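These notes concern the structure reproduced below.
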Amino acid sequence: MTEQEIYDIKKQICEIGENLWLRGMVASNDGNISVRIGEGLFVTTPSGVSKKYMTPEMMITMNAENKVVGEPNGFKPSSEFKLHLKCYELRPEVNAVVHAHPPIATGYAVSRVPLDGYNMSEAVMLLGSVPVAEYATPGSDEVADSIAEFLPYHDAILLANHGAVTMGKNLMTAYFRMESVEQVAKTTLVSRLLGGAQELPKDKIDELCDIGKNYALRHPGYRKYS
Ligand SMILES: [Zn+2]
């Protein structure tokens, strides 16, 4: 990747950070974003800076050992970068990770209720089910380990009593998944107020998952049918 390409990625991270803030998916200095820029090399957002007010110069280059690469720029990486590294380690095709606290989806995470009702056709097709990983202290090794069992099957995971993490082959895809998680959470909440969502029949879910494959996406994660 050229210097210019890396700079463009840093600019895009700032843009996505601003979108997260504008859409209320992060408050204060919440959340973090990263992009893979080479073999074992990543760019990530600085700790302690609002996602609204980041500049490309604040971005930090990290290696797969969670160490800063290059000259210090006065900013520290988030302690939650370990969570991102786990995604890159277990999902080689993933090139971007977004972590945020979208309020409705985080409400589900706090209540430890997965978003796994197969009732919104396009969400079944494009997002799949969103499980809740076991609670662990933010920034700890345990929080990274908590998502490991879900990573092979899910592109979006709720972190119990914390927030959400999404990933994709590029940053736009990872970010859009975060938007989708919040949208599904909102709709699911409204459907509960209206008497509960009607789940699609299994053959229709299979059909949607097949169409999802045509979008070159990972097969959406099924929750187990009982
Ligand atoms: Zn967080």
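So the sequence shown is numbered by our numbering: it starts at 132 and just counts up by one.
Glycine residues also receive a C-beta, built at the ideal position from the N, C-alpha and C atoms.
As the structure is a computational prediction, the values presented were derived from the model and not from experiment.
When the options are compared against residue i, the one with the closest alpha-carbon
{"i": "Asn-292", "options": "Pro-234, Lys-198, Thr-186 and Ser-322", "result": "Pro-234"}
{"i": "Ser-392", "options": "Met-189, Gly-294 and His-285", "result": "The displayed coordinates of the chain run from 132 to 357. Any statement about residue 392 would go beyond what the structure contains."}
{"i": "Thr-175", "options": "Tyr-184, Lys-207 and Asn-150", "result": "Lys-207"}
{"i": "Val-362", "options": "Leu-289, Ala-279, Pro-269 and Tyr-284", "result": "With the chain represented from 132 up to 357, any question about residue 362 goes unanswered, as that position is not in the structure."}
{"i": "Asp-161", "options": "Leu-246, His-285 and Met-185", "result": "Met-185"}
{"i": "Leu-246", "options": "Ile-147, Thr-268, Glu-224 and Asp-286", "result": "Asp-286"}
{"i": "Met-156", "options": "Glu-338, Thr-318 and Gln-314", "result": "Gln-314"}
{"i": "Ala-279", "options": "Ala-158, Ala-236, Gly-169 and Leu-216", "result": "Leu-216"}
{"i": "Glu-170", "options": "Ala-195, Trp-152, Ile-164 and Leu-153", "result": "Ala-195"}
{"i": "Tyr-138", "options": "Ala-275, Arg-167, Ser-159 and Arg-154", "result": "Arg-167"}
{"i": "Lys-198", "options": "Lys-142, Gly-179, Phe-173 and Gly-248", "result": "Phe-173"}
{"i": "Ile-164", "options": "Met-190, Val-274, Asp-276 and Ala-254", "result": "Met-190"}
{"i": "Leu-221", "options": "Ala-275, Leu-302 and Lys-344", "result": "Ala-275"}
{"i": "Ile-144", "options": "His-230, Gly-201 and Thr-318", "result": "His-230"}
{"i": "Met-256", "options": "Glu-136, Met-303, Gln-135 and Lys-344", "result": "Lys-344"}
Pairwise C-alpha distance: residue j and residue i
{"i": "Tyr-266", "j": "Ser-260", "result": "19 Å"}
{"i": "Ile-336", "j": "Thr-192", "result": "41 Å"}
{"i": "Gly-326", "j": "Phe-307", "result": "28 Å"}
{"i": "Asn-150", "j": "Lys-183", "result": "8 Å"}
{"i": "Phe-281", "j": "Gly-205", "result": "35 Å"}
{"i": "Phe-212", "j": "His-232", "result": "15 Å"}
{"i": "Lys-355", "j": "Thr-133", "result": "A caution first: Lys-355 carries a pLDDT of 37, below 50, which makes its placement in the model unreliable, though a value can still be read off. If you take the alpha carbons of Lys-355 and Thr-133, they lie about 44 Å apart."}
{"i": "Leu-214", "j": "Gly-270", "result": "8 Å"}
{"i": "Glu-188", "j": "Pro-203", "result": "11 Å"}
{"i": "Ser-252", "j": "Cys-340", "result": "10 Å"}
{"i": "Ser-209", "j": "Ile-342", "result": "37 Å"}
{"i": "Ser-181", "j": "Tyr-284", "result": "31 Å"}
{"i": "Val-312", "j": "Ala-305", "result": "11 Å"}
{"i": "Glu-338", "j": "Thr-237", "result": "30 Å"}
{"i": "Thr-268", "j": "Lys-142", "result": "30 Å"}
{"i": "Glu-224", "j": "Ala-328", "result": "33 Å"}
{"i": "Gly-248", "j": "Ser-277", "result": "22 Å"}
{"i": "Gly-148", "j": "Ile-140", "result": "12 Å"}
{"i": "Ala-254", "j": "Trp-152", "result": "23 Å"}
{"i": "Asn-301", "j": "Leu-324", "result": "35 Å"}
{"i": "Tyr-353", "j": "Glu-146", "result": "Note that Tyr-353 scores a pLDDT of 49, beneath 50, so its modelled location is shaky; the value from the coordinates is reported in the next line. Near 32 Å, if we compare the C-alpha coordinates of Glu-146 and Tyr-353."}
{"i": "Asp-272", "j": "Gly-179", "result": "20 Å"}
{"i": "Ser-322", "j": "Pro-177", "result": "38 Å"}
{"i": "Ala-158", "j": "Val-296", "result": "16 Å"}
{"i": "Arg-349", "j": "Arg-154", "result": "Note on Arg-349: pLDDT 47, under 50, position unreliable in the model; no value is reported."}
Distance cut-off 7 Å: residue i Cβ against heavy atoms of ligand 1
{"i": "Gly-155", "result": "no"}
{"i": "His-230", "result": "yes"}
{"i": "Pro-233", "result": "no"}
{"i": "His-293", "result": "yes"}
{"i": "Pro-245", "result": "no"}
{"i": "Glu-211", "result": "yes"}
{"i": "Pro-223", "result": "no"}
{"i": "Pro-269", "result": "yes"}
Closer than 7 Å: residue i CB and nearest ligand 2 heavy atom
{"i": "Asp-161", "result": "By its list of ligands, the structure shown excludes ligand 2, since it contains just ligand 1."}
Assumed close pair residue i, residue j - CB separation to whole angstroms, cut-off 8 Å
{"i": "Ala-227", "j": "Met-298", "result": "7 Å"}
{"i": "Tyr-239", "j": "Ala-316", "result": "5 Å"}
{"i": "Leu-331", "j": "Asn-250", "result": "6 Å"}
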